[in-house]
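All remarks here apply to the structure that follows.
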Amino acid sequence: MDLALALLANYFSDIASWNIPAGGFYIWLELRDGISTRKLFDLALQEGILINPGSIYDKNDQVHLRLSYSYASLADLEKGMIRLSELIKGIIG
218 MDLALALLAN YFSDIASWNI PAGGFYIWLE LRDGISTRKL FDLALQEGIL INPGSIYDKN
278 DQVHLRLSYS YASLADLEKG MIRLSELIKG IIG
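For the sequence shown, counting from 1, position 59 maps to 276 in this note's numbering; every step adds exactly one.
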(Lines of atoms letter the chains of each structure in order from A and count residues from 1; the text may use other names and numbers.)
(Lines give C-alpha, C1' and ligand atoms only; values in the text may rest on other atoms or scores of the structure.)
Protein backbone atom coordinates (compact mmCIF):
# COMPACT_ATOMS: atom_id res chain seq x y z
CA MET A 1 0.00 0.00 0.00
CA ASP A 2 2.91 2.37 0.69
CA LEU A 3 4.02 2.32 -2.95
CA ALA A 4 0.46 2.90 -4.18
CA LEU A 5 0.06 5.91 -1.88
CA ALA A 6 3.44 7.32 -2.93
CA LEU A 7 2.50 6.94 -6.61
CA LEU A 8 -0.83 8.63 -5.99
CA ALA A 9 0.90 11.54 -4.26
CA ASN A 10 3.43 11.89 -7.09
CA TYR A 11 1.21 11.40 -10.14
CA PHE A 12 -2.43 11.95 -9.13
CA SER A 13 -2.50 14.85 -6.68
CA ASP A 14 -3.61 17.33 -9.35
CA ILE A 15 -6.24 15.06 -10.95
CA ALA A 16 -7.84 13.11 -8.10
CA SER A 17 -8.36 12.81 -4.37
CA TRP A 18 -8.41 9.75 -2.13
CA ASN A 19 -8.47 8.64 1.48
CA ILE A 20 -5.82 6.45 3.04
CA PRO A 21 -7.54 3.12 3.70
CA ALA A 22 -7.41 1.56 7.15
CA GLY A 23 -6.89 -1.83 5.51
CA GLY A 24 -8.00 -3.87 2.56
CA PHE A 25 -6.62 -4.32 -0.93
CA TYR A 26 -7.82 -1.24 -2.76
CA ILE A 27 -8.04 2.55 -2.70
CA TRP A 28 -11.03 4.59 -3.85
CA LEU A 29 -9.99 7.45 -6.10
CA GLU A 30 -12.28 10.41 -6.82
CA LEU A 31 -11.49 11.95 -10.21
CA ARG A 32 -11.66 15.69 -10.74
CA ASP A 33 -12.75 17.74 -13.75
CA GLY A 34 -15.71 15.60 -14.82
CA ILE A 35 -13.61 12.84 -16.35
CA SER A 36 -15.68 10.11 -18.00
CA THR A 37 -14.84 6.91 -16.15
CA ARG A 38 -16.30 4.95 -19.07
CA LYS A 39 -13.91 6.58 -21.53
CA LEU A 40 -11.03 6.11 -19.10
CA PHE A 41 -11.97 2.45 -18.62
CA ASP A 42 -11.88 1.86 -22.39
CA LEU A 43 -8.55 3.67 -22.83
CA ALA A 44 -6.97 1.89 -19.87
CA LEU A 45 -8.14 -1.51 -21.10
CA GLN A 46 -6.48 -0.85 -24.47
CA GLU A 47 -3.24 -0.30 -22.52
CA GLY A 48 -3.67 -3.53 -20.55
CA ILE A 49 -4.71 -1.72 -17.37
CA LEU A 50 -7.86 -3.00 -15.67
CA ILE A 51 -9.64 -0.44 -13.51
CA ASN A 52 -12.95 -0.69 -11.69
CA PRO A 53 -15.14 2.37 -12.25
CA GLY A 54 -17.43 3.25 -9.37
CA SER A 55 -20.43 2.57 -11.62
CA ILE A 56 -19.78 -1.17 -11.20
CA TYR A 57 -20.76 -0.80 -7.55
CA ASP A 58 -23.26 2.07 -7.84
CA LYS A 59 -24.86 2.78 -11.22
CA ASN A 60 -24.96 6.52 -10.42
CA ASP A 61 -21.26 6.79 -9.53
CA GLN A 62 -19.39 8.34 -12.45
CA VAL A 63 -16.45 9.91 -10.59
CA HIS A 64 -14.79 7.12 -8.60
CA LEU A 65 -12.29 4.40 -9.46
CA ARG A 66 -11.40 1.49 -7.25
CA LEU A 67 -7.68 0.81 -7.56
CA SER A 68 -6.59 -2.66 -6.47
CA TYR A 69 -2.93 -2.62 -5.57
CA SER A 70 -2.30 -5.98 -3.92
CA TYR A 71 -2.38 -8.28 -6.96
CA ALA A 72 0.23 -6.59 -9.17
CA SER A 73 3.98 -6.76 -8.83
CA LEU A 74 5.55 -3.54 -7.59
CA ALA A 75 7.01 -2.88 -11.05
CA ASP A 76 3.65 -3.46 -12.77
CA LEU A 77 1.86 -1.32 -10.20
CA GLU A 78 4.24 1.57 -10.78
CA LYS A 79 4.10 1.26 -14.58
CA GLY A 80 0.30 0.95 -14.60
CA MET A 81 -0.37 3.85 -12.26
CA ILE A 82 2.00 6.17 -14.10
CA ARG A 83 0.34 5.28 -17.41
CA LEU A 84 -3.14 5.68 -15.89
CA SER A 85 -2.24 9.18 -14.71
CA GLU A 86 -1.07 10.00 -18.24
CA LEU A 87 -4.36 8.75 -19.70
CA ILE A 88 -6.36 10.89 -17.26
CA LYS A 89 -4.28 13.96 -18.05
CA GLY A 90 -4.77 13.26 -21.76
CA ILE A 91 -8.55 13.24 -21.29
CA ILE A 92 -8.41 16.50 -19.36
CA GLY A 93 -6.30 18.03 -22.11
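Built from N, CA and C at the ideal position, the CB exists for glycine as well.
Treat the numbers as computed from the prediction; the structure is a model and nothing was measured.
- For Arg-300, the enclosing alpha helix (DSSP H) begins and ends at 291-309.
- The C-beta separation of Tyr-286 from Ile-244 comes to about 7 Å, placing the pair in contact by the 8 Å criterion.
- In the pairwise beta carbon analysis, the stretch 250-258 is classified as not touching the stretch 289-296: fewer than three pairs are separated by under 8 Å.
- Between Gly-307 and Leu-260, the gap from beta carbon to beta carbon is short of 9 Å.
- In the three-state reduction of the DSSP assignment, Leu-284 falls in the strand class.
- Leu-224 carries a helical assignment under DSSP once its states are collapsed to helix, strand and coil.
- When DSSP states are grouped into helix, strand and coil, Leu-248 belongs to the strand group.
- Per DSSP, the unbroken beta strand (DSSP E) holding Ala-233 starts and ends at 233-235.
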